[in-house]
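Quick notes on the structure that follows.
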Amino acid sequence: MKKTAHIFLFCLTLLYTAACSRKKDTCDECPVIRSLTPDLGFAGDTVILVGKNFNTDLQQNVVNFNGTTVPASDLISCNGIQLKVLVPYNCGTGPVSVSTGDNLNSGEGPVFTYEPAHITSFSPAQGKKNDTVFIHGEHFSTTKNIVKFNGMTASVFSETDSLLGVIVPVNCGTGIITITLPNTLVVKSLTD
């Protein structure tokens, strides 16, 4: 009986080892992300994923930042060990993963820290209709920002990624400033 138990245990060990071996062989083909450069950034920034087994047919790679899929048009290049992509809008902070056209998945890779656009200040803090206000911040769009004072649309006359020049709209009253970027991200001031 003892001998049978040992043989049974030996067979189970062999089966387990064989199963692990087959699983490992399959994983040798899976994409692997070793690093992200940079690992912190904003929507639209270029990030290089370094690893192995990325599909050299660029469109066969599906890249996710914290569960948000990078649009196919934002995949830039791939040589099998480097995959260059643009950070998707509103993805938040979280792991990056890649799956290929062969239905192979990297699993959760390194974490990318997402920094959204934001307002740091505006001046002057009070005024009347048709006054000029400058809104300072980071990662605004350089075109097509929609700025509102207390829900009323302002006229934008100057746009850079860190400064917007706007004209106070008529009858806006007191309230927060919102900026709707072309990607539909809405940025709000912390004060009225």
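This note's numbering numbers the first residue of the sequence shown as 4 and each following residue consecutively.
Backbone N, C-alpha and C fix where the C-beta goes; we use that ideal spot for every residue, glycine too.
| Check | Outcome |
| --- | --- |
| Under 8 angstroms between C-beta atoms of residue 113 and residue 36 | yes |
| At least 3 beta-carbon pairs within less than 8 angstroms: the stretch 81–89 vs the stretch 44–51 | yes |
| Beta-carbon spacing of residue 169, residue 190 below 8 angstroms | no |
| Residue 157 to residue 45 span [Cα, whole Å] | 25 angstroms |
| Whether residue 182 touches residue 152 by CB criterion (8 angstroms) | no |
| Local conformation of residue 62 per DSSP, three classes | helix |
| Nearest residue (CA-CA) to residue 57, options 41, 78, 43 | 78 |
| Chain B contact for residue 30 (CB, 8 angstroms cutoff) | In the structure shown, chain B does not exist; there is a single protein chain. |
| Complete alpha helix (DSSP H) runs within the stretch 107–191 (minimum length 4 residues, chain order) | none |
| Residue 33 - DSSP class collapsed to helix/strand/coil | coil |
| Selection from 132, 82, 67, 63 that minimises the alpha carbon distance to residue 173 | 132 |
| Contacts around residue 61, its chain only, beta-carbon distance under 6 angstroms, and the 5 residues preceding and following it disregarded | 78, 81 |
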